[in-house]
Amino acid sequence: MKSKFSLFLTIAFFALLHVSVYAQSKVVKGTIKDATGLPIPGVNVVIKGTKVGASTDFDGKYSISASPGQVLVFSSTGSKTIERTVDKSSSALDVVMVDEVAQLNEVVVVGYGTAKKSDVTGAIVSVTAEKLMSRPVNNALEGLQGKAAGVDIVSSERPGTVGSVRIRGQRSIRASSDPLYVVDGVPLMSESSIETLNPRDIASIDILKDASATAIYGSRGANGVIIVTTKQGKAGRFSLNYAGTVTTQEIVDRSPSMSAEDFIDFRRWASGINPKDATLASDRLLFDSPLDGQTSRDNVLKGWESGAWDPSKVTNTDWTKFVTQTGVTTEHVLSASGGSEKVNGYGSFGYLDNQGTQKGQWYKRYTAKASTNVVATEWFKLSASLNATWSEQDFGMSTLSARSGSAPNAIYGAAKSIYNMAVPYDANGKLIINPGGESGIYTIMDEWDKSTQQNQIMRLLGNFSGTFDIGKIWEPVKGLSYKINFGPDFRHWREGVYIDGTSSLKVNADGSAGTNFARLRNRRDFSWTLDNMLTYDRTFASKHNVGVTLLQSASSWDIEESSMQANNIAKPSFLWNAFGTVDLTNPANSAAMSSNLTQRQLSSYMARLNYGYDGRYLLTLSGRWDGASQLSEGHKWDFFPSAAFGWRINKEDFMVNVDWIQNLKLRLGVGVTGNSSVDPYQTLGNISSVWLPFNGRSNEQGYTTNEPYYTGTQVPMPNPELGWEKTTQYNLGIDFSFLDNRVSGTVEGYKSYTNDLILQPLISTVTGYPSTFSNIGKTSNKGVEVTLNLIPIQTESGFTWETTLIGAWQKDQIEELAVGKNDDIQNRWFIGKSIAVQYGYDNLGLWQDTPEDQAEMAKWNAPGNGYSFVPGNVRPKDQNGDYKMTNADQVVLGNSNPNWTMGWNNTFAYKGFELGIEIFGRMGYMASLGGEAMTAHANQRETDYWTPLNTDAEFQKPILGQAAAGSRDQFSGLLGFTDAAFAKIRNISLGYNFPKDLTSKIGVANFKLYAQAISPGSLYQSVNWYDFDTNSTYYNRSFVMGLEVGF
């Protein structure tokens, strides 16, 4: 009885205790948002130390029963885990999640697969879509600028044109330094293919930099690999997204032209006349201009109408205003995604209209993408993706002929060369062909309507794959899968050029229409890649992680080209579309046709082993065999191996109690890669056509391998043993993350040697050939790269400041050449120096009218030396003291490739507001800007030039003639060698994400407005009149308004 009573009391006690505890618990509710104020669905909310939990719904809301004093743990993939204690006084608990800066479970693309970032052993940097689209860009490469250490991108201001990309500098002397581009597993034919992709369709870009990472691409991996992964469908509710921008652009001219008044004084000084001493009579002679009917001279003489010189009376024509406009770019992208775990898809349509800042230049692009994933069974999956693009680009003023040049600023530069005191039309309204009266200076009026060069590109890029999970079919081989992937790439390019007879390029001297010209070129590129891949991933004894990849790959490239051109097109409206109206047999029409076919194939085998022990020790081994059709028999195949080791130090037992370190990994790698720079048929030699009398008839066409007497050219002797250039690279890297991931980054150091350079040494003439291509020579390249991610400020109220500092130093060097350890001065290649250098005469500034300089000039001007220096001329540096400038006085002045590149990216966020600032720069290199010829036969930019009244000047005295060899002014160009360092603000953006509580009322999932200023200014310029980012005296400054809406 007593025992029963004790049992009753015990049960009653625990029952009362349970009631008491239950009475103390309460329902805690709240909303989970990100740093921008958007709700986050799927966040796990768990009571610490228990299995009681909940998760947030689509609106980021949660509800959980908890007692005061208990700790709620909030966790989500990609975000830092946050803990909050339940308060007694409140049942509401909202939390702002913070992104995990060094998320170790982040997946990166490593080539033929993916891997956790924590398991990567090579030098790989990943740029997400969010970072890529931090500012509106016309192509994917623009968005990489300043965001990846060791990746240098030179911008292009021409609409629709891709700039140049270099990864870890330059290694080859003659071969291409362009990286390999891979889109969704399909290697592209050329870097221009990237331009056709819609940047908003890109999910991420992974850049493989060291040889241990790029060796799996064998003969194509020496210059690095850029892997583009486009967006795919995801399981979940259907979503519809729209993004649109409107951008206005204005030209910022760092080097404006002299006004009419300033140029008149400039030309007076060039003729030896102090402007104060000028007269009506002297100006009448000095500005004589019969080619423009004396209109420019008469404009100058207007300044003398009152009897005394009054420059305000002189017409001042700003010719650049005739050729420039406010550039307007509009972009609209509509995308949709959704589906189930079994079937999901993604689709988008994009339209871009870019009207350039120079008249006649524009670019339009239409893009479409569709992708789908189908899980047919638990062991079989199908994926398909297709990117389609149609684009059209107008270069404006045709890039044919020296009158317009081929630079993006052709028509703008031509406008700046015209005298400002000249006018476009004479008193009768007739167009002046040579305004200013100079024979080499032509009008630019309406040239964009008279001369055009249009490119059209149609492109289809596909990827179709089937994956069989063999381990799901047969349990003993769990982890084994087979994937077949087919990637076709089709591109049709068409260029049409028309130059009207009334254009400045063709018009006759009397102003009548000359002979018009048209050209049509077509190129059809088709390539495909077929991959068969076996992968095996398995963990043994919970500590041994093994991954094996076996690949068989075949690729084919087929390029067909044709071209035709002729004069005397019947009607201007025909442009390049009516060659049938031209008598092609009439020599006066200069008709010409050509066609070409290029084919090559590549067959490959690759094996890769990934091994990890206990999450601490990582090993990657790979080898690839490449066989190329363009190489000769016996030399077609080559092997490219690599090895890399990783040590996750923070996983060691002795690091267990070091809680301020979240990640510390050491990486070592070595690999061999190739540069597929051997052109098809290069090992077989070339033939040239020759016209000779034959069979009693003249002008019969024949062919010869080498006959300079008739053909005027000599072709190299074929070399059947020609092979790839090979680069062996060593890499040391450290990845780290400290202080709850508020400090993270990477430090890389590398050294590479490139052997078997393809050079063209001279050979004995008894062979009948002047030279041949050979694998000879060697270069080296070394560098250090640093990426530092910081969160200096992170408050509970939601204010964060995230900053990323990126810096890279690299130095390339020539070790051996075709002549061994001897310099090749003719090609400006020097042992122990950079591959690309500035080479020439050095200078000591300007000669001055001082006793010391007069004495030195007397020695230079001695009879027989050939010099007649006067104060104000450039003073060359005589290296050997013989008072003669010869080849012996030429020296290496500096590197053409930058030693340093840097980027600094900042993001400030608070309650939906975002402020971003991006800065990048280059340092440690020299450019040759050509100096200032100071000739008064073309308009001059505003220049600090030498006169007897301005001796402390930057440039030399003005001259009337040309700075030709043998003249006293021949060394004026020496002042063009200059330091090219700069630091530029690339982008300032301000955006606002509207609260979900507001947008949900109208059925909108997210709504963002933003404004941006692109290239608003510079922090530092070594030369204030030149923009080294665009390699031009001008750049475009842009202002953007953007909208992003999700439904």
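As numbered in mature numbering (1 follows the signal peptide of the UniProt record, and there is no 0), residues -23 to -1, 1 to 1024 make up the sequence shown, in order.
C-beta: ideal position from N, C-alpha, C; glycine also.
Predicted model, so just to flag it, every value in this text is computed and none were measured.
CB of residue i within 8 Å of CB of residue j, strictly
i            : j    : result
A958         : S999 : yes
R468         : N499 : no
L986         : A247 : no
Q332         : F372 : no
L268         : S416 : yes
G123         : E895 : yes
G589         : L595 : yes
Y389         : T297 : yes
residue 1060 : A569 : Outside the displayed span of the chain (-23 to 1024) sits residue 1060, for which this structure offers no information.
residue 1045 : S751 : A question about residue 1045 goes unanswered here, because the residues of the chain that appear run from -23 up to 1024.
Y860         : W824 : no
V813         : S873 : Correcting the residue type first, residue 813 is Ala in the shown sequence and not Val. Against a cut-off of 8 Å, the Cβ pair of S873 and A813 comes out as a contact.
A313         : S196 : no
G880         : K961 : no
F954         : M903 : yes
S103         : A43  : no
R342         : T366 : yes
G464         : W505 : yes
C-alpha distance - residue i paired with residue j, whole-angstrom precision
i            : j    : result
V87          : S619 : 14 Å
G284         : L278 : 10 Å
N545         : G907 : 38 Å
Q856         : Q867 : 8 Å
D591         : A188 : 26 Å
A255         : P288 : 12 Å
T91          : Q803 : 47 Å
I418         : L408 : 14 Å
K548         : P564 : 19 Å
I770         : V75  : 12 Å
S1009        : T334 : 14 Å
residue 1027 : G213 : Because the chain is modelled from -23 through 1024, residue 1027 falls outside the range shown and cannot be assessed.
W397         : Y475 : One point to set straight first is that residue 397 is Asn, not Trp, in the sequence displayed. Going from the Cα of N397 to the Cα of Y475 covers about 29 Å.
A79          : R585 : Since pLDDT at A79 reaches only 41, below the 50 mark, its modelled position is unreliable, and the value read off the structure follows with that caveat. Roughly 26 Å separates the two Cα atoms.
Q209         : N116 : 19 Å
W281         : T420 : 27 Å
R143         : D155 : 6 Å
V655         : D603 : 14 Å
L81          : V761 : Residue confidence for L81 is low, a pLDDT of 47 falling below 50, so the modelled location carries little weight and cannot support an answer.
I24          : V73  : 18 Å
G600         : F932 : 57 Å
S949         : V851 : 6 Å
Residue i: first and last residue of the uninterrupted beta strand (DSSP E) it sits in
i    : result
D508 : F494 to F517
M570 : A569 to Y590
A835 : A835 -> not in any beta strand (DSSP E); alpha helix (DSSP H) instead, spanning P828 to W837.
D64  : Segment: none, D64 is in no beta strand (DSSP E) and carries neither H nor E.
Assigned exposure category for residue i - 16 Cβ within 10 Å defines buried
i    : result
N766 : buried
V205 : buried
T479 : buried
Q529 : exposed
Y414 : The sequence shown places Gly at residue 414, rather than the Tyr named in the question. Classification for G414: buried.
T354 : exposed
F631 : exposed
Alpha helix (DSSP H) segment containing residue i, residue limits
i            : result
V523         : It is not in any alpha helix (DSSP H) - V523 instead sits in the beta strand (DSSP E) that spans H521 to N544.
residue 1032 : The first residue shown for the chain is -23 and the last is 1024, placing residue 1032 beyond what the model contains.
W246         : A237 to A247
D426         : E424 to K427
S273         : T272 to L278
Residue i beta carbon near the ligand COA (any heavy atom closer than 7 Å)
i    : result
V202 : The ligand COA is absent from the structure shown, which contains no ligand whatsoever.
Check your understanding: For the 8 Å Cβ check, are there 3 or more pairs between the segment 482 to 490 and the segment 511 to 525?
Key -> no
Exercise for review: Report yes or no: do the segment 226 to 244 and the segment 731 to 750 share at least 3 C-beta pairs separated by less than 8 Å?
Suggested key: no
Practice item. Count the C-beta pairs between the segment 418 to 437 and the segment 447 to 462 that are closer than 8 Å, then say yes if the count reaches three, no if not. Key: no
Check your understanding: Any chance the segment 774 to 782 sits against the segment 881 to 891, with 3 or more Cβ pairs inside 8 Å?
Key -> yes
**Study point:** Given 8 Å, three or more beta-carbon pairs between the segment 97 to 109 and the segment 179 to 199
**Key:** yes
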